[in-house]
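For reference, the structure is listed below as structure tokens.
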Amino acid sequence: MKVKEYFATLFIAAMFLPLIGAKSPTTGSVATHFDIHSIEFIETSGDIELGFDTAKYLPEGFNPYVGKVSVKSLNYIEDEQVELGFDTSEYLPEGFDPYKK
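For the sequence shown, the residue numbers in the numbering used here are 7 to 107.
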């Protein structure tokens, strides 16, 4: 397990290695200053008309501006592996792949 952790850490460190000597594309020198005011903000249109009443598809009393949903209020459904007691591959066509499109 330690070997896997070591290689994972080494891989992540290698991914960030090119960022250490990053140069500015315009001057070729190391970028040290960024002017936040140089970013242009593109105004988006206000309302989007979808062509149908979205309230019909929302829960009763829905309010998008209410606080965050608590993780405790979510119901956890455990994914169980069902054991049928026999080999299902005998009943499937040869070369059957359920994930192939």
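Backbone N, C-alpha and C fix where the C-beta goes; we use that ideal spot for every residue, glycine too. The model shown is predicted, which means the values in this text are computed figures rather than measured ones.
- For the alpha helix (DSSP H) that contains residue 9, what are its first and last residues? Here residue 9 is taken as the residue at index 3 of the sequence shown, counted from 1. Counting along the chain, the alpha helix (DSSP H) containing residue 9 begins and ends at 8-26.
- Cα-Cα separation between residue 115 and residue 82, rounded to whole angstroms: Any property of residue 115 remains undetermined from this structure, which presents the chain solely from 7 to 107.
- Message: Suppose you measure from the CA of residue 52 to the CA of residue 89; what does that come to, to the nearest Å?
- Response: The residue labelled residue 52 in the question sits at position 46 within the sequence shown. The residue labelled residue 89 in the question sits at position 83 within the sequence shown. Spanning the two alpha carbons is a distance of roughly 53 Å.
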